[in-house]
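Visitor: Read left to right, the sequence shown gives residues 640 to 752 (the working numbering).
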Amino acid sequence: MAAQNKPAPQSAEIAVDGRLVFEHDEETGKQPLKPMEWAQLPGLIDKATTYYDNRTGMIVYVASGQGETRIVIALGYRVRKDDGNLNTVAAAYREPSSDIEDRIQSGEWIIVQ
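Here it is in structure tokens:
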């Protein structure tokens with residue numbers, strides 16, 4: 640986070656709101672996660688590549704893997720515990736791998752080391 644002149648979060652905990660639902664989006668090609676994939680979220684985050692989204696200010700995890708789509712987990716990043724949504728998953732979905740690569744190549748998503 641220092642590379643983006645952002646302070647580190649005060650907590651490493653990540654909450655998943657079980658009520659979060661993501662519908663299939665024909666325009667963007669994003670697809671909802673299956674129940675089995677939701678159950679695997681904690682493990683997916685541990686093995687994912689981490690990016691900072693310059694547009695939204697969110698932390699984005701992209702699950703490792705090959706194929707036409709990959710799992711993307713967008714985290715509502717907060718630097719202070721001043722609200723009830725500290726480090727809460729804001730969205731989780733499958734996105735076309737080509738779109739993910741476009742976001743990285745354009746600089747919209749910057750890898751967090």
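Heads up, the beta-carbon is just placed ideally off N, CA and C, and yes, glycines get one too.
(1) With DSSP collapsed to three states, give me the class of L672.
(2) In this structure, how does DSSP classify L659 when only helix, strand and coil are distinguished?
(3) Let me make sure I understand the geometry here. Which of D741, A730, I749, I743 has the alpha-carbon closest to that of I710?
(4) In terms of DSSP beta bridges, what is V751 paired with?
(5) Helix, strand or coil for A713 per DSSP?
Guide: Let's see:
(1) Here L672 sits in coil by DSSP.
(2) Unreliable positioning characterises L659 in this predicted model, as indicated by a pLDDT of 49, which lies under 50. The coordinate reading is nonetheless provided below. In the structure shown, L659 sits in coil (DSSP, three-state: anything other than H, G, I, E or B).
(3) Considering only alpha carbons, the answer is A730.
(4) Bridge partners of V751: none, in fact.
(5) Reduced to three states, the DSSP call for A713 is strand.
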